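Numbering (the numbering used here), first residue to last: 478 to 661.
Glycine included, every Cβ here is placed at the ideal spot set by N, Cα and C.
Just so you know, these numbers come straight off a predicted model, no measurement behind them.
Worksheet: the structure to be examined is printed underneath.
Pasting the structure below:
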């Protein structure tokens, strides 16, 4: 049997990438929330370190826009159904933000730029989508559960997570790129 017959198809790889991202995006926040409960920080660790964002961004960069968008939309929904997190009032904003990350990161899937540049673009796109959704909720839908000030707060509180993404995503992408010869 030739080695070509043993290689998985691109669709299988992308499906596994999306599934792994969703699983990781649901599991990682649970670890951060458990650590927060043990340390007395509560849910602050999840808000600060953005554990759900890491797998979505990584999946987008590895699998493209469909994988990134799927992981970005499905992850917070499954997490909410299984754990109640993110809370119901934050779920739409988190879903839109992660979808923005996934789509923007995925659109740069084959673009020849340094990973950190792709990451910065995806981060800006995801945060812009969230900011616009908050503004739309407040000014168009007259939502009372969210305030425009939360836009700035979501950036300042999440600075540790943003920096963590700057460190981990390029390192993981470098490692994953080196492994491509084994599965492509």
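Go to residue i, then tell me how far its alpha helix (DSSP H) extends in each direction, as first and last residue.
i: residue 520; result: No alpha helix (DSSP H) holds residue 520; DSSP gives it neither H nor E.
i: residue 633; result: 626-634
Could you tell me the distance, in whole angstroms, from the CA atom of residue i to the CA atom of residue j?
i: residue 644; j: residue 651; result: 11 Å
i: residue 620; j: residue 655; result: 47 Å
i: residue 596; j: residue 617; result: 30 Å
i: residue 580; j: residue 517; result: 35 Å
i: residue 567; j: residue 573; result: 10 Å
i: residue 603; j: residue 490; result: 25 Å
i: residue 493; j: residue 486; result: 11 Å
i: residue 615; j: residue 605; result: 15 Å
i: residue 528; j: residue 609; result: 22 Å
i: residue 613; j: residue 629; result: 16 Å
i: residue 653; j: residue 536; result: 11 Å
i: residue 554; j: residue 607; result: 16 Å
Write down the C-beta distance between residue i and residue j rounded to the nearest angstrom, noting that I regard them as a contact closer than 8 Å.
i: residue 583; j: residue 544; result: 6 Å
i: residue 546; j: residue 497; result: Between residue 497 and residue 546 the Cβ distance is about 16 Å, and since that is not below 8 Å, they are no contact.
i: residue 534; j: residue 578; result: 6 Å
i: residue 642; j: residue 531; result: 6 Å
i: residue 637; j: residue 525; result: 5 Å
i: residue 646; j: residue 592; result: 6 Å
i: residue 559; j: residue 499; result: About 11 Å; that fails the 8 Å criterion.
When the cut-off is 8 Å and only beta carbons count, does residue i lie next to chain C?
i: residue 639; result: This model lacks chain C altogether; it includes just one protein chain.
Is it the case that the Cβ atoms of residue i and residue j are separated by a distance below 8 Å?
i: residue 586; j: residue 541; result: yes
i: residue 556; j: residue 506; result: yes
Alpha helix (DSSP H) runs contained entirely in the region 538-623, provided each spans 4 or more residues: Listed in chain order, the complete alpha helix (DSSP H) runs (minimum 4 residues) inside the region 538-623 are 542-560, 568-584 and 592-616.
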